[in-house]
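Input: a single structure, listed below in structure tokens.
Protein chains in written order, with my numbering: chain A, 1 to 483; chain B, 1001 to 1483.
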């Protein structure tokens, strides 16, 4: 029934993954265990946090990894790969470990949100799909939550499918938007496959199809008396749309005792029109009629029109959500953090850059989120070496990794490990929560953030610190590289 | 073998398509033939033209249209649709006509690029997928061609999969980019499924995997002596990367008589680094070594660094191409242009708006492109009523639809109909060209545009005019609506 979770996306990799893979194979490095981190460097739109979404699709992808005979034949035709390597690929499967933050977790720049521990070829091959999936859905979730917060309790319906960047852009974008707080979607496939409630009423074409607007409205009310939301801007909102809607409500709904109904305004000055429409509806006795607004909305416009007193009960948001128009790229990267040597020792690796922000955090890591006990609020994330354990019964001193004299001692706190095991030796040991559970978890976790972190403009920089041990290892590597 | 052309995307529609469809069905309007146009209002990035791509996927979609039993069960569970309508959907197939411009055609605001003529339910149902497919691929093609033109003959490789908005964003985006002039892609799946040449060499992880940069380079040259492009910025481009590359070229390639090789610079000041690297390579005798550049490039940056004398032979372009970052939405819309009445007469329909640019062009239409005979250049597009015929052996006077006193008489021209029949009575009668043919056609058609239309900033507004007959019908409808 679900198209998505059965697809074989093995071949959705950047070609260099396999030129490298073939090289590892031929030089005997293919079994070398590698540690790769997914992390990002900047929150889109200058926000204070992002929301990590897409893990369920990563799991499906890994479970379905398999080169078909046609894939091997295609790869052979490229005249790049050794025949022995192609034979190896025929039986390829993922045998490594994956750790990740649960879907819906608020995440911050610089911390691993997913870690792959696997032989070189495997770890390299899965790079592209993992990145594109987490990047895409985290982007849309992060944007959707901004829009949800701007609407201040009013429901947001996602309905941007037609402007999405491809079918998964639409279907999985709608999934991410729901996890991040949207009330539902127009995308029917997302409902069928992921249980995100889909809904919708009419387009302008419905109104145009009839000889006049009133007949279009009346017919719709007769068909759907309990879900009559009428699109009132095909001709003129105030001169014809709202009066015709009131007439249709009065003639069709009232005799049935129905007072719950709606209108949608999709163009023009929404603030002005909604206030006028509200007054007209109230004067006619339709105080329970909800006003929906749509038309190129985003968090900035929604905040602005609400500030001006727009009388809107719910919003439909399309292209600016489903493409994250103001910032359509989530810059998650996949970087080597360590390799295992012949004796099984984990050797930390670092990627240097003249741009200090681009220097990676080396080593196989853990991430702890530290919550203040009294308020329940998240105070800092702490990156540790994999074998460190934080004991939250004792005070801990954290420090800024750049300005190390900036220190803070936490006493009454709880520490929670963010990265949980997803795959172990190629086997998925993670029970994916339902979409409703993911959504509740996501909104609950956002509640643990201070308002200062949630601010739209100039939010507080949430602390992502390194343990002393990890900081020492990193600076050791930096000093050695510079020597 | 090709995942994409067999997928059933019937359920990828906005829910309101079926609430309307159910309404048409129950009110006996379902058999009413409707004419819907796809058109757009603005070229992204302020460009002078867009490129229409995605028709092949629309054809696949229409051919695969079918509600499964599971789909019907899902729809029934929504408690919205009449049981007779659900029975009807079980045997649903597309029975209408589709006309479209061939893939790769340069197109302009306001003209139909695809027209659906079908019974109301069918025409309505296909709206979402047709729009999302044409919007997505046209967006990427239009952006890619800007980047290709900025590079002024230097090849562009698309490699943005990891930052694409979902899997089709990556796979079909790479297809669109190739049609619009990119030389190839990193996306292996796009090669397998669409024959877009995929390639790629190494990531930073390859270099980090070895004990030192030189060993990484030497090993790669040994493995791929005929395709040795080395990534030189893992540590320091000028201090280690280029010297180590030269050493590896000299020790591995020269003894084999190979002088063709390459380096890639993926960070830092590309203009400065490429000039220094060029000088170092030339001084070492590697004048045939190509320099590739990547790192958040787009048409603006490429023009700028070339203007400053960057020594770049080819570019790799990622996120800013594959998401069309500077403008990630192509605003194609799907609007009712006419309906057939009981006598088979075509009744033109118009959508009014206070914003004059949003008023639609009514009626079932043809589009002619008028080419100047002497230069072969495209001069204007002319929208006509479906039964008009342009005789290009006689002079024709075209006029600005807003400022009708602006007139121009064309004498030596040829007229070409842009919209060609794709489906007739549900049967596809269009032979899709190969991707190579589409690409050649696209680049050839762009050559028919005047430089003034191809300018990046403030391009000439290409004429999209209405025939006198169509203009009269439109103004008649406007006057009636305002009365």
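Where a beta carbon is used, it is the ideal one built from N, C-alpha and C, also for glycine. The structure presented is a predicted model; accordingly, all values stated were derived computationally and were not measured.
Residue interval of the alpha helix (DSSP H) (run including residue i)
i: residue 35 of chain A; result: No alpha helix (DSSP H) holds residue 35 of chain A; the beta strand (DSSP E) holding it covers 33-39.
i: residue 141 of chain A; result: 127-150
i: residue 90 of chain A; result: 83-90
i: residue 1059 of chain B; result: 1055-1063
i: residue 1218 of chain B; result: 1213-1223
With 16 other Cβ atoms within 10 Å as the buried cut-off, status of residue i
i: residue 77 of chain A; result: exposed
i: residue 1319 of chain B; result: buried
i: residue 476 of chain A; result: exposed
i: residue 1 of chain A; result: With a pLDDT of only 42 at residue 1 of chain A, under the threshold of 50, the placement of this residue in the model should not be trusted, and no figure is reported.
i: residue 1411 of chain B; result: exposed
i: residue 1035 of chain B; result: buried
i: residue 158 of chain A; result: buried
i: residue 226 of chain A; result: exposed
i: residue 467 of chain A; result: buried
i: residue 186 of chain A; result: buried
i: residue 1037 of chain B; result: buried
i: residue 1324 of chain B; result: buried
i: residue 389 of chain A; result: exposed
i: residue 1351 of chain B; result: buried
i: residue 403 of chain A; result: exposed
i: residue 1090 of chain B; result: exposed
C-beta contact flag for residue i and residue j at 8 Å
i: residue 1191 of chain B; j: residue 1180 of chain B; result: no
i: residue 1062 of chain B; j: residue 1094 of chain B; result: yes
i: residue 139 of chain A; j: residue 44 of chain A; result: yes
i: residue 1332 of chain B; j: residue 1042 of chain B; result: no
i: residue 1101 of chain B; j: residue 1052 of chain B; result: yes
i: residue 170 of chain A; j: residue 141 of chain A; result: no
i: residue 30 of chain A; j: residue 106 of chain A; result: no
i: residue 200 of chain A; j: residue 1015 of chain B; result: yes
i: residue 1367 of chain B; j: residue 1112 of chain B; result: yes
i: residue 298 of chain A; j: residue 266 of chain A; result: no
i: residue 65 of chain A; j: residue 10 of chain A; result: yes
i: residue 153 of chain A; j: residue 1136 of chain B; result: no
i: residue 1164 of chain B; j: residue 1322 of chain B; result: yes
i: residue 104 of chain A; j: residue 428 of chain A; result: no
i: residue 237 of chain A; j: residue 273 of chain A; result: yes
Proximity to residue i [Cα-Cα], best of the options
i: residue 96 of chain A; options: A/398, A/202, A/273, A/32; result: A/32
i: residue 460 of chain A; options: A/468, A/467, A/466, A/451; result: A/451
i: residue 1144 of chain B; options: B/1472, B/1439, B/1483; result: B/1439
i: residue 1310 of chain B; options: B/1297, B/1270, B/1015; result: B/1270
i: residue 1329 of chain B; options: B/1046, B/1239, B/1020; result: B/1046
i: residue 1128 of chain B; options: A/293, A/360, A/161; result: A/161
i: residue 1393 of chain B; options: B/1372, B/1182, B/1275; result: B/1372
i: residue 28 of chain A; options: A/50, A/341, A/302, A/253; result: A/341
i: residue 1196 of chain B; options: B/1182, B/1205, B/1206, B/1208; result: B/1182
i: residue 1069 of chain B; options: B/1086, B/1098, B/1079; result: B/1086
i: residue 1023 of chain B; options: A/285, A/88, A/218, A/83; result: A/218
Endpoints, the beta strand (DSSP E) within which residue i is located
i: residue 1340 of chain B; result: 1333-1340
i: residue 1318 of chain B; result: Premise fails: residue 1318 of chain B is in no beta strand (DSSP E) and is neither H nor E.
i: residue 400 of chain A; result: From DSSP, residue 400 of chain A is part of no beta strand (DSSP E); its letter is neither H nor E.
i: residue 262 of chain A; result: 261-265
i: residue 1346 of chain B; result: 1346-1348
i: residue 1390 of chain B; result: Per DSSP, residue 1390 of chain B belongs to no beta strand (DSSP E) and is neither H nor E.
i: residue 1368 of chain B; result: 1365-1372
i: residue 157 of chain A; result: 156-158
i: residue 1443 of chain B; result: That residue, residue 1443 of chain B, is in no beta strand (DSSP E); its alpha helix (DSSP H) goes 1435-1447.
Heavy atom of the ligand SAM within 7 Å of residue i beta-carbon
i: residue 153 of chain A; result: In terms of ligand content, the structure shown is empty, and the ligand SAM therefore cannot be addressed.
**OP:** For the stretch 352-382 of chain A, enumerate the residues whose C-beta is nearer than 9 Å to any C-beta of chain B, in chain order.
**Re:** Contact annotation: in the stretch 352-382 of chain A, residues whose CB is within less than 9 Å of a CB in chain B are 352, 353, 354, 355, 358.
Original post:
Along the stretch 119-149 of chain A, what residues have a CB closer than 9 Å to any CB found in chain B?
Top reply: Going along the stretch 119-149 of chain A in chain order, one finds 120, 123, 124, 127, 128, 129, 130, 131, 132, 133, 135, 136, 137, 139, 140 with a Cβ nearer than 9 Å to chain B.
Subject >> Members of the stretch 199-212 of chain A that neighbour chain B once the beta carbon cut-off is set at 7 Å >> reply: Listed in sequence order: 199, 200, 201, 202, 203, 204, 205, 206, 208, 209.
Subject >> the stretch 1154-1181 of chain B: positions lying closer than 8 Å to chain A by Cβ >> reply: Residues of the stretch 1154-1181 of chain B whose Cβ lies closer than 8 Å to any Cβ of chain A, in chain order: 1159, 1161, 1162, 1163, 1164, 1165, 1166, 1167, 1168, 1169, 1170, 1171, 1172, 1173.
**OP:** Give, in chain order, every residue of the stretch 1270-1294 of chain B whose Cβ lies closer than 9 Å to some Cβ of chain A.
**Re:** Across the stretch 1270-1294 of chain B, no CB contact with chain A closer than 9 Å is found for any residue.
Original post:
In the stretch 1217-1235 of chain B, which residues sit with their C-beta less than 8 Å from some C-beta in chain A, listed in chain order?
Top reply: Within the stretch 1217-1235 of chain B, the qualifying residues are 1219, 1220, 1223, 1224, 1227, 1234, 1235.
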